[in-house]
Structure formats: C-alpha cells, structure tokens
Amino acid sequence: MSRAQGFALAASSVLLVSGAQLGMRWSMTRLPVPAQWLETLANGPVPWLALGGVMAAIFAYALSMLCWLGALQHLPLGRAYALLSISYALVYLLAASLPAFNEHFSLLKSLGVTLVVLGVLTINSRRTHGNKS
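Each residue of the sequence shown is one higher than the one before, starting from 7 at the first, in this note's numbering.
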C-alpha cells in the first residue's frame with residue numbers, strides 16, 4: 007500500500023469519526039438520559055430515529071477504527087496522529103455550521119481550529135520530513 011493510500015485511510019478515518027461524533031451528539035440530545043433507557047424501552051415511546059442514530063454512530067466508529075489501523079501501517083506515527091486532529095476542527099466547523107446542533111462560532115474557537123489546521127499542515131509538509139516521507 008502506498009503513502010497516498012495511507013493518507014486516504016487516515017482521511018476516511020477522520021471523516022467517519024467526525025460523522026460518528028456528530029451523529030452521537032444529535033442522537034443523545036433526543037434520547038432520555040442513559041439511566042432511563044430501560045424504563046423508556048419498557049414503557050415507550052421509544053425515539054427510534056435517535057436510537058438508530060446511536061447505532062449508526064457506533065458502526066461509523068468501528069469503520070473509523072479499521073481505517074485508522076490501516077493508516078497506522080503505512081504512515082509515520084507523527085503524521086498519522088496530526089491528521090487525526092483534523093477531526094476536532096471538522097466537528098467544530100460542522101457543529102457550528104449546521105442548525106441541528108445549535109452551536110455557535112466564536113473568535114477564540116475559530117482561532118484554535120486555525121492553529122490546529124496550521125499545525126497539521128506544518129507537520130505534514132515536505133520541508134519537515136525531507137525526502138524520507
């Protein structure tokens with residue numbers, strides 16, 4: 007497997023884990039607190055769409071882990087983990103952009119996301135790794 011395939015697996019892992027985080031957040035705001043799940047299942051009504059969202063998020067987490075394991079086989083650890091941090095930025099940007107999450111942009115959070123992205127670009131630049139990457 008080539009380095010490009012390793013990056014593709016890492017990017018897939020980032021997208022899947024970001025989707026899982028957003029799906030989990032959306033679902034958990036529509037479900038009762040976990041201590042009341044058995045009672046809700048026994049007495050209804052069960053919010054099936056939200057329950058399905060949790061299951062889909064768990065599946066996305068599992069797929070993300072498989073992609074991540076593949077990426078770790080083919081990328082240097084420092085590069086791979088830097089790429090993983092993109093998920094933090096992606097989740098923030100999507101949560102603040104999509105009305106379903108009721109999150110808000112802030113200057114400090116946006117600055118933090120910018121710094122994370124700049125850090126990932128720096129770590130993965132050719133200059134920092136020369137021709138060995």
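Backbone N, C-alpha and C define an ideal beta-carbon position, used for all residues, glycine too. Computed from a predicted model, the values in this text were never measured in an experiment.
- With contacts defined by Cβ atoms closer than 8 Å, residue 94 and residue 115 do not form a contacting pair.
- For residue 80, the enclosing alpha helix (DSSP H) stretches over residues 54 to 80.
- Counting every other CB atom within 10 Å of its CB across the protein chains shown gives residue 86 a total of 16 or more, marking it as buried.
- Runs of the alpha helix (DSSP H) lying entirely within the stretch 81 to 134 and spanning at least 4 residues, in chain order: 83 to 90, 92 to 103 and 113 to 129.
- The way I'd put it, the stretch 65 to 85 doesn't touch the stretch 33 to 51; fewer than three beta-carbon pairs between them come closer than 8 Å.
- Looking at the backbone, the Cα of residue 29 and that of residue 110 are separated by about 18 Å.
- The three-state reading of DSSP puts residue 37 in coil, since its state is none of H, G, I, E or B.
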